[in-house]
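Take a look at the structure set out below.
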Amino acid sequence: MQALKAKLPQSMLCAARFSRCRTVLVSPVRTPSTRTLFSETGVWDKDYRSETRRRVERWWHPRVMAQWQKDALEENINKKKFYVLSMFPYPSGRLHMGHVRVYTISDAIGHFQRMRGHQVLNPMGWDAFGLPAENAAIERNLDPEEWTKSNIQSMRGQLDDLGLCFNWDREVTTCLPEYYKWTQYLFVKLFEAGLAYQKEAVVNWDPVDQTVLADEQVDESGRSWRSGALVEQKLLTQWFIKTTNYAKPLLDALEDLPEWYGVKAMQANWIGECTGCYFDYRLKVNGKETGETLSAYGSSPEAVFGAAYVAILPSHRLLHGSSSVRLALLKGFQPGTDCLTEVTAHNLFTGREVPLLISRKDAFDGYLDTVIGLPDCSEEDLSVAKALNLCWTTVLETRENGTQTLINSDQFSGLTREQAFDSITQKAREQKVGGYLTSSKLRDWLISRQRYWGTPIPVVHCGSCGAVAVPEEELPVTLPKVPSLTGKGASPLEAAHDWVNCKCPKCKGPARRETDTMDTFVDSAWYYFRYTDPHNPDRPFSRHLADHWLPVDVYIGGKEHAVMHLYYARFLSHFCRDQGLVAHREPFRKLLVQGLIKGQTFKLADGGQYLRREEVDFTGKEPVALSGAPVEVTWEKMSKSKHNGLDPQEVVQQYGVDTVRLYILYAAPPEQDILWNVKTDALPGVLRWQSRLWQLVTKLRGARELGDIPNPSLLKKKELAEAKKIWENKNYAIQEVTAYFTEDFLFNAAISRLMGLTNTLSSAPVRVLQHSVEFEEALAALVLMTAPMAPHLTSELWAGLCRIKNPLSPVLLRGGEVLQQSWPIVDPQYLEVPDFVEVSVLINNNPCGKVAVPLQVSKDLSRVQQLVLESPVGQKHLSERSIQRAILSPRTALINFLVEE
Numbered sequence: 001m002q003a004l005k006a007k008l009p010q011s012m013l014c015a016a017r018f019s020r021c022r023t024v025l026v027s028p029v030r031t032p033s034t035r036t037l038f039s040e041t042g043v044w045d046k047d048y049r050s051e052t053r054r055r056v057e058r059w060w061h062p063r064v065m066a067q068w069q070k071d072a073l074e075e076n077i078n079k080k081k082f083y084v085l086s087m088f089p090y091p092s093g094r095l096h097m098g099h100v101r102v103y104t105i106s107d108a109i110g111h112f113q114r115m116r117g118h119q120v121l122n123p124m125g126w127d128a129f130g131l132p133a134e135n136a137a138i139e140r141n142l143d144p145e146e147w148t149k150s151n152i153q154s155m156r157g158q159l160d161d162l163g164l165c166f167n168w169d170r171e172v173t174t175c176l177p178e179y180y181k182w183t184q185y186l187f188v189k190l191f192e193a194g195l196a197y198q199k200e201a202v203v204n205w206d207p208v209d210q211t212v213l214a215d216e217q218v219d220e221s222g223r224s225w226r227s228g229a230l231v232e233q234k235l236l237t238q239w240f241i242k243t244t245n246y247a248k249p250l251l252d253a254l255e256d257l258p259e260w261y262g263v264k265a266m267q268a269n270w271i272g273e274c275t276g277c278y279f280d281y282r283l284k285v286n287g288k289e290t291g292e293t294l295s296a297y298g299s300s301p302e303a304v305f306g307a308a309y310v311a312i313l314p315s316h317r318l319l320h321g322s323s324s325v326r327l328a329l330l331k332g333f334q335p336g337t338d339c340l341t342e343v344t345a346h347n348l349f350t351g352r353e354v355p356l357l358i359s360r361k362d363a364f365d366g367y368l369d370t371v372i373g374l375p376d377c378s379e380e381d382l383s384v385a386k387a388l389n390l391c392w393t394t395v396l397e398t399r400e401n402g403t404q405t406l407i408n409s410d411q412f413s414g415l416t417r418e419q420a421f422d423s424i425t426q427k428a429r430e431q432k433v434g435g436y437l438t439s440s441k442l443r444d445w446l447i448s449r450q451r452y453w454g455t456p457i458p459v460v461h462c463g464s465c466g467a468v469a470v471p472e473e474e475l476p477v478t479l480p481k482v483p484s485l486t487g488k489g490a491s492p493l494e495a496a497h498d499w500v501n502c503k504c505p506k507c508k509g510p511a512r513r514e515t516d517t518m519d520t521f522v523d524s525a526w527y528y529f530r531y532t533d534p535h536n537p538d539r540p541f542s543r544h545l546a547d548h549w550l551p552v553d554v555y556i557g558g559k560e561h562a563v564m565h566l567y568y569a570r571f572l573s574h575f576c577r578d579q580g581l582v583a584h585r586e587p588f589r590k591l592l593v594q595g596l597i598k599g600q601t602f603k604l605a606d607g608g609q610y611l612r613r614e615e616v617d618f619t620g621k622e623p624v625a626l627s628g629a630p631v632e633v634t635w636e637k638m639s640k641s642k643h644n645g646l647d648p649q650e651v652v653q654q655y656g657v658d659t660v661r662l663y664i665l666y667a668a669p670p671e672q673d674i675l676w677n678v679k680t681d682a683l684p685g686v687l688r689w690q691s692r693l694w695q696l697v698t699k700l701r702g703a704r705e706l707g708d709i710p711n712p713s714l715l716k717k718k719e720l721a722e723a724k725k726i727w728e729n730k731n732y733a734i735q736e737v738t739a740y741f742t743e744d745f746l747f748n749a750a751i752s753r754l755m756g757l758t759n760t761l762s763s764a765p766v767r768v769l770q771h772s773v774e775f776e777e778a779l780a781a782l783v784l785m786t787a788p789m790a791p792h793l794t795s796e797l798w799a800g801l802c803r804i805k806n807p808l809s810p811v812l813l814r815g816g817e818v819l820q821q822s823w824p825i826v827d828p829q830y831l832e833v834p835d836f837v838e839v840s841v842l843i844n845n846n847p848c849g850k851v852a853v854p855l856q857v858s859k860d861l862s863r864v865q866q867l868v869l870e871s872p873v874g875q876k877h878l879s880e881r882s883i884q885r886a887i888l889s890p891r892t893a894l895i896n897f898l899v900e901e
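So the sequence shown is numbered by the UniProt record's numbering: it starts at 1 and just counts up by one.
Here it is in structure tokens:
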């Protein structure tokens with residue numbers, strides 16, 4: 001065996017060691033055969049076969065990843081930065097095809113931007129706290145920490161096996177104390193700013209997962225977003241973050257962001273119109289202060305001096321909890337009527353006192369539970385005030401010109417209604433008694449979770465001092481080990497008596513730790529910051545590093561996170577800006593929303609039971625169950641329960657990493673769903689294209705083996721014209737593909753354009769191959785532009801190109817691997833000359849000729865249509881016909897006129 005090892009090339013020994021270290025997705029090392037790999041032996045295999053592909057990926061897989069890590073460590077911070085971020089996964093232990101899609105996209109963008117000379121940050125980490133790990137640990141009688149760490153190790157190996165080049169030196173894991181120390185630090189900052197608070201509230205309770213849910217985590221049918229259980233209403237004391245204080249800035253900031261595939265509209269709809277605000281009131285009973293504060297929403301803040309009452313709903317916490325005013329409120333309460341109570345509310349802004357009444361309504365605007373009655377602004381409020389014989393002050397006066405001004409409003413009297421709106425809300429904010437513009441539909445963020453596996457809330461409860469934040473020097477408050485997890489009853493942390501019982505940081509007296517943990521959305525609301533400085537032991541991140549990298553240039557993830565995660569992340573970024581931690585308010589510049597990968601499902605028409613493919617009979621006209629029962633065939637999100645999932649490892653083993661990457665990028669634009677069906681044109685198409693790329697390099701190498709030294713002066717007129725066509729197509733492809741990678745991320749269109757360039761090169765005569773620099777440079781550009789999407793294949797193609805005989809182009813003399821090359825740029829002459837593109841003209845899908853149009857307007861439908869109609873082709877075929885519609889292809893130079901027959 002030692003003698004055999006001595007004869008093997010060092011590269012083969014490296015590959016063998018790599019395959020032993022990891023369960024790789026490519027085929028294991030095989031016995032050497034007659035087929036060879038150029039990079040190993042210097043002998044070019046003329047055909048690209050499945051065995052060639054396996055050898056190529058086995059050889060280049062570790063080299064591509066090692067080069068990325070080496071380049072990442074040697075990056076020059078003076079380069080222009082590019083931060084590409086894909087949403088980090090929950091460590092379930094197994095990747096699914098959705099993971100493969102999102103990380104393939106980020107990987108391709110990362111390689112592309114590095115080839116363009118950018119310093120690229122493409123980090124990865126783990127959203128590692130949460131219910132799934134805790135529930136899995138309960139089912140298996142395991143420690144959730146051990147379960148989670150084991151899954152992380154497994155999934156990291158799977159990501160590596162896919163050849164995904166992340167900056168692993170920046171890995172973060174939210175369940176590690178070195179990460180959640182800083183989640184707790186940010187919570188303390190929110191607490192100190194008055195934005196984290198605890199109150200008794202009617203909350204959404206998941207009876208299956210035994211925890212509270214935020215409003216955003218309950219679907220339209222009243223079910224839990226995770227367990228699917230019908231949510232119950234409970235009155236509990238919970239922790240909230242006052243995101244409503246940032247509603248207006250978050251809404252306004254959307255205008256400055258580029259379009260986000262409809263997500264901006266979803267964010268705006270979630271926030272709502274920010275035309276009102278809350279004011280704080282102190283509650284009194286029979287004229288005596290109770291110590292309780294109530295926030296009430298005023299839809300017209302400028303009229304707050306004219307308030308007649310504050311109204312609460314019958315479901316309000318004050319009526320059902322442990323409030324000191326509960327008995328006073330219930331005295332004389334009659335459901336279905338507007339009831340005055342013995343409680344009054346003293347407005348901390350105006351200094352005026354109004355009665356507190358219980359409304360006959362079940363809801364205010366469907367969302368609010370406490371409102372200010374403003375008779376000057378609402379007929380309904382006026383009716384309630386009159387019915388109860390209440391007194392109020394008129395504060396709005398209409399002048400002859402129709403302008404409304406304030407009266408009886410202290411220092412704000414005389415202002416127009418619009419001026420008063422701004423002045424009153426600003427003053428209330430300055431006095432910290434309300435005034436933050438928000439909508440009537442938005443709620444503060446409920447972050448308490450009554451479970452174990454989450455970030456402990458860094459607060460202690462003291463009988464003398466109340467709720468006290470844990471000092472920064474005592475962070476992190478680490479999770480204690482608990483005897484067992486059951487998922488039922490009180491928080492498991494209650495059982496950790498030595499941990500719960502502590503001393504108050506202020507008075508040093510006896511106190512108890514908070515036993516609720518934070519919702520995992522708090523962990524993921526700031527992870528993009530930590531990636532910029534992941535090993536900092538003294539701060540969550542250094543400002544100069546965060547300011548260098550942020551905002552994220554492209555953020556990639558699923559549309560299901562369009563409301564919750566993105567809203568929370570934007571909020572925390574705005575807060576960090578106000579705390580002086582970063583320069584930017586908005587954390588993400590561009591958002592790339594990727595669709596689902598769906599699998600074909602078969603379920604019984606009666607009963608809806610999902611069937612495995614082998615349980616379906618396909619021999620007839622329509623598929624039926626083996627029992628003969630009718631079957632419904634649909635496309636749905638892949639899952640084990642629907643028997644329509646795919647194991648990425650098996651798929652890659654069958655087709656190869658590059659083929660799967662190209663299929664995912666080619667099958668549909670990123671925001672659209674992919675219906676996984678290998679029998680469609682997409683997968684055979686990318687398989688054929690890879691072979692054709694290989695054949696192009698084979699043809700060039702073969703042409704240069706003919707013996708003649710290449711000499712462009714030997715080309716005849718027709719061959720020179722062919723070379724010019726190649727040059728034009730190369731530049732056009734560079735222009736188009738670069739735009740697709742930088743502007744709208746239409747990778748499918750980029751691949752189509754590269755396939756078009758492949759067609760042009762494939763039809764070139766042998767003498768053009770042999771003697772033209774244009775063919776060389778176009779083929780080099782083709783390989784380079786394909787490299788971010790298919791790094792293994794193109795690494796081998798580049799090696800074959802760079803060692804052809806007598807190269808004409810200096811591009812092939814640069815040295816280095818394909819991903820270390822510069823991204824191709826358009827030749828200056830191409831931009832100077834008003835080049836033309838031949839656009840194919842179709843009428844009702846039937847070709848009828850071609851028209852040359854200037855390259856600069858070739859994507860402008862109206863200009864192309866006009867030029868075609870003015871051309872001889874248009875005059876001949878369209879002048880007498882009624883055009884219903886014209887369609888300009890985004891992928892090829894083609895326009896299709898739909899006309900009446």
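The C-beta atom is built at its ideal place from N, Cα and C for all residues, glycine as well.
Are the region 427-441 and the region 157-168 touching by the rule of at least three beta carbon pairs closer than 8 Å? no
Start-end ranges of the alpha helix (DSSP H) lying completely within the region 780-817, minimum 4 residues: 791-801
Indicate the three-state DSSP secondary structure (helix, strand or coil) for T370 in the structure shown. strand
DSSP on N896, reduced to helix/strand/coil? strand
Give the DSSP-derived three-state secondary structure of C339 in the structure shown. strand
Return yes when at least one heavy atom of the ligand SAM lies under 7 Å from the C-beta of L327, else no. Ligands displayed in this structure: none; no statement on the ligand SAM is therefore possible.
Check this for me: beta carbons of L797 and W694, under 8 Å apart or not? yes
Considering only the alpha carbon of each residue, which of F836, E736, Q210, Q67 lies closest to R449? Q210
With distance defined between alpha-carbon atoms, name the residue in P510, L566, I358, Y185 nearest to Q267. L566
Is it right to say residue 912 is buried, meaning 16 or more other beta carbons lie within 10 angstroms of its own, or is it exposed? Any property of residue 912 remains undetermined from this structure, which presents the chain solely from 1 to 901.
Kindly confirm or deny that the region 518-536 and the region 440-458 touch, where touching means at least three C-beta pairs closer than 8 Å. yes
Roughly how many angstroms lie between the CA atoms of E736 and S573, to the nearest whole one? 35 Å
Any contact between the region 620-631 and the region 753-763? By contact I mean 3 or more CB pairs, one from each, below 8 Å. no
Through-space distance from A893 to E901, alpha-carbon basis: 25 Å
Quick check: what's the CA-CA separation for V552 versus Y528? 8 Å
So who's on the other strand from G298, going by DSSP bridges? C277
Below 8 Å on the Cβ atoms is my contact criterion, and I expect A311 with S378 to pass it. Report the Cβ-Cβ distance as a whole number of Å. With a Cβ gap of about 12 Å, A311 and S378 do not count as contacting.
Excluding five sequence neighbours on each side, which residues of the same chain lie with their C-beta closer than 6 Å to the C-beta of P32? No answer about P32 holds up, because its pLDDT of 42 lies below 50 and its placement is not dependable.
Between which residues of its own chain and A253 is the CB-CB distance below 8 Å, once the five residues before and five after are set aside? R570, H574, R585, E586
Outcome for L714 when other beta-carbon atoms lying within 10 angstroms are tallied against a minimum of 16: exposed
Based on Cα-Cα distance, which residue from E289, F279, L898 lies nearest to residue 907? Because the chain is modelled from 1 through 901, residue 907 falls outside the range shown and cannot be assessed.
Classify S92 as helix, strand or coil using the three-state DSSP reduction. coil
Roughly how many angstroms lie between the CA atoms of G110 and L550, to the nearest whole one? 16 Å
Which partner residues does S224 have in the DSSP bridge list? V218
Quick check on the DSSP output: the alpha helix (DSSP H) that includes L479 runs from which residue to which? No alpha helix (DSSP H) holds L479; DSSP gives it neither H nor E.
Tell me which same chain residues have a C-beta within less than 6 Å of the C-beta of K730, skipping the five on either side of it? A778, A781
Which residues bound the beta strand (DSSP E) around D602? Residue identity differs from the one stated: residue 602 is Phe in this sequence, not Asp. Note, F602: beta strand (DSSP E), 597-604.
Exposed unless 16 or more other CB atoms sit within 10 angstroms - verdict on residue 912: What the structure shows of the chain is the stretch from 1 to 901, and residue 912 is not part of that stretch, so it cannot be assessed.
Just the C-alpha distance for T237 and Y197, rounded to the nearest angstrom, thanks. 10 Å
DSSP three-state label for M518, please. strand
In terms of residues, what are the limits of the beta strand (DSSP E) holding V500? Looking at the DSSP string, V500 is not in any beta strand (DSSP E); the run it does join, the alpha helix (DSSP H), is 497-500.
Rounded to whole angstroms, what's the CA-CA distance from S840 to V851? Just pull it up for me. 7 Å
Under the three-state reduction of DSSP, which class applies to F364: helix, strand or coil? strand
Between the beta-carbon of F112 and the beta-carbon of F897, is there less than 8 Å? no
Thinking W453 and A133 are a contact (beta carbons under 8 Å), I'd like their distance in whole angstroms, please. 5 Å
Under 6 Å Cβ to Cβ from V24, same chain only, skipping five residues before and after it: list those, please. Residue confidence is low: V24 scores 39 on pLDDT, short of 50, so the model does not pin down where it sits. Its coordinate-derived value is still stated next. D161.
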